[in-house]
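Enquirer: Here it is, the structure, as structure tokens.
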Ligand SMILES: Cc1ncc(COP(=O)(O)O)c(C=O)c1O
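See below:
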């Protein structure tokens, strides 16, 4: 039997053995309500029209599909096309999702928005849409991330969001998520939790994927217009996995298209200092769903490492776990130094400054292109721009800006 | 008959007192002694928290206790070993393992249930495993004559209450407030009203927890409940204790008056 990948999840949010609703009882009813509201609105023409109008007029979509000619030449292999999510308003794909979720929040009559953030991109994208709709917004962010993403913290504050520092656990993204969940159970009546990636309990993984799948839908159409047919391969970085699912999903049933998710190899998977949950984690339950998680042999979640804050997460969206298990997608790793090198390469020969997260996808795209022929095509998701990372990179290289 | 059933039957209408402590907190050597003292001071059932790195449903006090316990080496296996040690002297007080699903997933359901049964644990309460996701674990626990405790919250609809009560065994745990453990916004009037509606769906005993912190709040929610769970306030006291002697004193001073007050209802 062939699997129809695009049919997942099932009624109860399962992607095979992954996904589901592993939430505390206080949230169960609210998740059911969210599920019902989303099921109704996702096929509602007025809701969809508003969503697409906002994406066009406010975000600036469609984002271009750009042939990186010099980059491709350098590889002497497949052509590399960049899906330019870096050109979106606020600088990353994250806004596709927050535009969708805030419309849902409004339709459900919620007055207060909360979010978690790691790199700060999702926090900024949430603060942005909350400002636009005049809703109160609280963003949870780990103390460690606040220190390394100071500019995004300030951007959120400028837009009127309250940034709450989280000092529990490892003081990073996973702990920010825990704290947002705690806020949510406490204010469940009036608060809408905008999760920033394809994780969390059902319906979040499918909802965040659907809002981001505008990336893949556009790319498919743009590619058909510019080249004809389908690309041979797709490449995207995977933190929680929202930019990747957004690109992949419209292609899942086109089996000729090879799909590669790039996890953060940090200092190298063998060193243990990485964030490659699929490559090196085990099946477990974290933040409301069953997926691959990085934990020790007692089931404690362990600290991850990546040069990019946005990939520094010990879990991964359940649909990626499913695509890995079924073999539909392949998951590979790129280490910190390779990502950094790709950052410089793209900047120098294409004049595009990629986010450190996206640099992982670029690095793998370069490797892959070299193994393919000149008449083949790869789409690499350039999930965000690198302005936010300039300070990190300068510091790593001993430069004072 | 299960130990939980025997215990509630023996109480015949008297209110049960269920203290919660985190295994390995304030340190691993003290936990078994703490459990014995809880029984001496009046506990009917003990909830033993399995430390987890990401306790999403817990407030700062129990988060901190888990962090301390993990830092000094207590995980799910050590917690189970503590139950086994407790059972050497005590074969009559039910022990409920309370925690999150990931450590259980990591150990494997079959191995976990076998180890917990062997140690003499009676029931399991996993905050992030609602009945819908618990089919496999519940079946294994039943085969081992153990129970899985499910939660009902103020936000649980009538329809869900009915579904949960159908799967429930041991007792039903009513979460008294919208919030994390140790919150201060307990509304006992609302709790008592909602408990009457839970009662319609089950004959099992009902325990109330979250936000119960002293004699006054215990009495207030005990009106309609069969049992009262006290966690954060107790854990907070234990956090200050340097030795088992100090812990025993603190427990006795805290638990005894609550026991007496519940008995006078
Ligand atoms: C530019 C960019 N790409 C990728 C990610 C990783 O998230 P996801 O895997 O959900 O796309 C982030 C997260 O902050 C990001 O800012």
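Chains as they are written, first to last, in my numbering: chain A, 1 to 401; chain B, 1 to 265. Yeah, the Cβ is synthetic: ideal placement off N, Cα and C, and Gly gets one too.
(1) According to DSSP, what are the bridge partners of residue 263/A?
(2) What I want to know is whether the C-beta of residue 342/A ends up closer than 7 Å to one or more non-hydrogen atoms of ligand 1.
(3) Under 7 Å between beta-carbons, which chain B residues line up against residue 164/A? List them in chain order, please.
(4) Could you list which residues in chain A have their beta carbon closer than 8 Å to that of residue 105/B, in chain order?
(5) Look at the Cβ atom of residue 117/A, then the Cβ atom of residue 139/A, and state whether they are nearer than 8 Å.
(6) What first and last residue would you give for the alpha helix (DSSP H) that runs through residue 8/A?
(7) Assign residue 1/B to one of three DSSP states: helix, strand, or coil.
(8) Relative to the C-alpha of residue 402/A, which candidate in 148/B, 109/B and 223/B has its C-alpha closest?
(9) Taking Cβ-Cβ distances shorter than 9 Å, what residues in chain A pair up with residue 75/B?
(10) With a threshold of 16 other CB atoms inside 10 Å of the CB of residue 63/A, please say whether the residue is buried or exposed.
(11) Which residues mark the beginning and the end of the alpha helix (DSSP H) in which residue 249/B is found?
(12) Just the Cα atoms here: how many angstroms apart are residue 266/B and residue 217/B?
(13) Measuring straight from C-alpha to C-alpha, what distance separates residue 210/B and residue 57/B?
(14) Beta carbons nearer than 8 Å to chain A: which residues of the region 168-182 of chain B have them?
(15) Mind checking which residues open and close the beta strand (DSSP E) that includes residue 19/B?
(16) Suppose you measure from the CA of residue 90/B to the CA of residue 120/B; what does that come to, to the nearest Å?
(17) Against residue 22/A, what residues of chain B qualify as contacts under a CB-to-CB distance less than 8 Å, listed in chain order?
(18) Going by alpha carbons, who is nearest to residue 106/A out of 86/A, 227/A, 218/A and 129/A?
(19) Measuring from the CB of residue 28/B, is there a heavy atom of ligand 1 at a distance below 7 Å?
(20) From the beta carbon of residue 168/A, is the nearest beta carbon of chain B less than 8 Å away?
(21) Does the distance from the CB of residue 13/B to the CB of residue 255/B come in under 8 Å?
(22) Please list, in chain order, the chain A residues whose beta carbon lies closer than 9 Å to that of residue 204/B.
(23) From 203/B, 23/B and 133/B, pick the residue whose C-alpha is nearest to that of residue 76/B; which is it?
(24) Rounding to the nearest angstrom, what Cα-Cα distance links residue 262/B and residue 4/B in this structure?
(25) What in chain A is Cβ-close to residue 152/B, meaning under 7 Å?
(26) Buried or exposed, going by whether 16 or more other CB atoms sit within 10 Å of the CB of residue 6/B?
(27) Rounded to a whole number of angstroms, what is the C-alpha to C-alpha distance between residue 29/A and residue 155/B?
(28) Give me, in chain order, the residues of the same chain whose beta-carbon lies closer than 7 Å to that of residue 144/A; leave out the 5 immediate sequence neighbours on both sides.
(29) Measuring from the CB of residue 243/A, is there a heavy atom of ligand 1 at a distance below 7 Å?
(30) Looking only at its own chain, which residues have a Cβ that is under 8 Å from the Cβ of residue 72/A, when we skip the five neighbours before and after it?
(31) I want to verify the contact list: residues of chain B whose CB lies under 7 Å from the CB of residue 29/A, in sequence order.
(32) Between the C-alpha atoms of residue 295/A and residue 317/A, what's the straight-line distance to the nearest angstrom?
(33) For residue 280/A, verify whether its CB is less than 7 Å away from any heavy atom of ligand 1.
(34) Mind checking who residue 295/A pairs with in its DSSP beta bridge?
(35) From the beta carbon of residue 52/B, is the nearest beta carbon of chain A less than 8 Å away?
Expert: To lay it out plainly:
(1) 333/A
(2) no
(3) Here the premise fails: no neighbours, minimum Cβ distance about 13 Å.
(4) 283, 284, 285, 290 and 299
(5) yes
(6) From DSSP, residue 8/A is part of no alpha helix (DSSP H); its letter is neither H nor E.
(7) coil
(8) Lying before the first or after the last residue shown, residue 402/A is absent from chain A, which here runs from 1 to 401.
(9) Under the 9 Å cutoff, chain A gives 296, 297, 298, 299 and 300.
(10) buried
(11) 244-263
(12) Residue 266/B falls outside the range modelled here, since chain B spans only 1 to 265, and no answer is possible.
(13) Rounded to the nearest angstrom, the two C-alpha atoms are 10 Å apart.
(14) Correct list: 175, 178, 179 and 180.
(15) 16-22
(16) 10 Å
(17) 101, 128, 129, 130 and 133
(18) 129/A
(19) Relative to ligand 1, residue 28/B has its C-beta separated by 7 Å or more from all heavy atoms.
(20) In terms of beta-carbon proximity, residue 168/A lines the interface with chain B, with at least one pair separated by less than 8 Å.
(21) no
(22) Going along chain A, no residue has its Cβ under 9 Å from residue 204/B, so there is no contact; the nearest lies around 16 Å.
(23) Measuring from the Cα of residue 76/B, the nearest candidate turns out to be 23/B.
(24) 19 Å
(25) 25
(26) exposed
(27) 6 Å
(28) 171 and 172
(29) yes
(30) 78, 79, 80 and 369
(31) 155, 156, 157 and 160
(32) 16 Å
(33) no
(34) 301/A
(35) yes
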